[in-house]
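Right, one structure below, let's go through it.
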Amino acid sequence: MDQATIVTHTLPQRTARENALTNIRALPLLLALITLALGLVYLAVIPPWAGPDEPRHFEYVALLSLKGWFVDYDDVNPAVMNEIIRSMDAVNYWKWGVSQWKRTTPGELPADFAAIYGGGAHQLHQPPLAYLLYLLPYKLFADGGIRTQLYAMRLVSILLNIVVVLAAYVAGRELFRQGKDVTDPTMALAIPVFVMLLPQHLFLHSIVMNDHLAEAALAWMIAILTRTLRLGFSIPRLLTMLALVALGVASKRTALYGVAILGFAFLVCVLVRWGERRAAPAQKSIWLAGTVIVLSLGAIGALWTWNWLVSSQPQFVDYVLRVFLFLPSQEFPFQLDARVIEPGAMPLYLSYLKYMFISTWGHFGWMNVTLGVWAYYGFALLSVAAFIGLAWFAVRDFPKLVMTQRATLVVFAFSVLASLFLIIAVQVRYWDLGWGGDPQGRYLFPVLIPLATLFLIGTRAFIPRARYMLWFGGLVGAMVLYNLIVLGFFIVPFYRA
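Using our numbering, you'd call the opening residue of the sequence shown number 78 and step up by one each time.
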């Protein structure tokens, strides 16, 4: 399709300092180098196995290497577990890690991961793609020992963080672009800077996790989607976004957010084109017919693919329905009864939101390096202020934006809300099965770009245009200071105590 017709407004007058931001050469390279340096700092202070599920993620990669093919729970290998457990013992994991097992005699070690983690002893139900990526450094440093392999795999996590930051940079520039001009350079740059400097994000991207590839895939899907909403759909962009969603889904279930986001964005894009003032009735008819054809072809293709999978790959279909999508089944039943929706369950759901909130801002290690209640109260006040600012922005400034910018921000808001809903829905499933819930802020990181955008818009809503650079400098300074405090007073002392 052709470039979307844009209802133009007079570009706001930029200050000389804002113009200087747009003239910084090789800005993406600078962001990448800073992200790499920060990642190496966190990698240096985080002991081996100090990240959530890191031993189990490493086990998955080791089993892939050992088997040479995809793995499942039948492939659990005691020798692989024992090697990891010995390495965990060498760094005194039992002092600061999460473990059900407690040493009772000197030199004693747990028999296996089940002794350490109970029912969730392994991560072998996860999709394989992220682990296949980690398999490259694992094999490359096969002669260097298990700790060398782990740190080499952590470098891949840092590189994936660079990919996310660059996607945030592209998304910011596309959102605040009008023609060849970036109308709001401070906000366009603030988005990748916030993503780059968020300590919880830095911590997690310095350890081995399958979350990172899924997040990187959705980050670039969002960046390309932002450009698509500005320019209109094209076949290459559409295919690229679909491929990125598939890449993410093959890495982790959280990438399913992308399916809902793309579906909603498609409807928004259709409405934007339908509402364009310059569109003739014939053009609107063509767009409507094209939309119906695309949706029909997509539905037919999806139905044909599913029927083929049911007939030729029944085990894969069972995995998708029962384990990956976690739909109700005989093994994992679910009933929307009074227990789930009664008022007494509401505090539980609110606690899920609380845990996600604090572990987005900073709840490090195995969710056991905490900042203290007053720090979280401070972040809560900041978030409330940002929400009020966002509401004020919606009333005062949102109508002044071009239609494509308004559409993008609506899609961003939907992205955050849909992700929250899906996270809570999965936790309710866990609770209904008696497994307990463990929602974490990292489950929101696939939509960190939309979340950061809305948060930053809210925090700046009451700042006059002439003070935007001051706001940007304050943001950078506050984030740098927060990292220094987190590292110097919480993370390093916790592991060296």
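Glycine included, every Cβ here is placed at the ideal spot set by N, Cα and C.
- Taking the Cα positions, A495 is about 8 Å away from I338.
- Contact between the segment 145-157 and the segment 180-187 is not established, with fewer than three Cβ pairs separated by less than 8 Å.
- A residue is called buried when at least 16 other Cβ atoms come within 10 angstroms of its Cβ; L227 meets this threshold and is buried.
- Of A462, V148, D149, W126, the smallest CA-CA separation from Y170 is found for W126.
- When R544, Y454, Q390, G340 are compared, the shortest CA-CA separation from T368 is found for G340.
- Taking L212 as the centre and dropping the five residues before and after it, the same chain places the C-beta of V138, L141, S142 closer than 8 Å to its C-beta, in chain order.
- Taking C-alpha positions only, L281 is separated from L365 by approximately 44 Å.
- Less than 8 Å separates the beta-carbon of G335 from that of M298.
- Judged by beta-carbon spacing, A291 lies within the 8 Å limit of A332, meaning their Cβ atoms are closer than that value.
- DSSP places Q226 in the uninterrupted alpha helix (DSSP H) bounded by 223-252.
- N560 is positioned such that its CB atom lies closer than 8 Å to that of L274.
- Contact check for P516 against V493 fails: the beta carbons are separated by 8 Å or more.
- For a cut-off of 8 Å, the C-beta gap from M556 to F343 is around 35 Å, too long to register as a contact.
- Between V241 and A323, the C-beta spacing is not below 8 Å.
- Each residue's CA atom was taken as its position, placing V371 and L427 some 40 Å apart.
- Distance check between V503 and each of D261, F411, V461 places F411 closest, using alpha-carbon atoms only.
- Closest option to V446, judged by alpha-carbon separation, among L302, R573, L209, V118: R573.
- Just measuring C-alpha positions, the residue of V461, S328, L107 sitting nearest P523 is S328.
- The residues I534, G535, T536, R537, A538, F539, in chain order, have a CB closer than 8 Å to that of G466 in the same chain once the five nearest residues on each side in sequence are set aside.
- Setting aside the 5 residues that flank it on each side, Y520 is surrounded in the same chain by T331, I500, each with a C-beta closer than 6 Å to its C-beta; the list follows chain order.
- Of the other Cβ atoms in all chains shown, 16 or more fall within 10 Å of the Cβ of I239; this residue is therefore buried.
- Rounded to whole angstroms, T530 and F498 show a C-alpha spacing of 19 Å.
- For V493, the secondary structure class from DSSP, reduced to helix, strand or coil, is helix.
- Taking all protein chains shown into account, N287 has 16 or more neighbouring C-beta atoms within 10 Å of its C-beta and is therefore buried.
- In this structure, S234 sits near I284, with a CB-CB distance shorter than 8 Å.
- DSSP places H278 within a helical segment (H, G or I) once states are collapsed to three.
- In the structure shown, Q392 adopts helical secondary structure according to DSSP, grouped into three states.
- By DSSP's assignment, V446 forms a beta bridge with F441.
- F218 and R304 have their C-alpha atoms roughly 39 Å apart.
- As summarised for the segment 174-217, the continuous alpha helix (DSSP H) elements at least 4 residues long and confined to that stretch are 190-194, 206-217, given in chain order.
- In this structure, Y453 keeps its C-beta atom at 8 Å or more from the C-beta atom of W469.
- Under the three-state reduction of DSSP output, D130 falls in the coil class, being neither helix nor strand.
- Counted as a single uninterrupted DSSP element, the alpha helix (DSSP H) harbouring G535 occupies residues 525-537.
- V168 carries a coil assignment under DSSP once its states are collapsed to helix, strand and coil.
- Distance check between Q482 and each of K216, G309, V175 places G309 closest, using alpha-carbon atoms only.
- Restricting attention to F403, S388, G375, the CA atom closest to the CA of V505 is found in F403.
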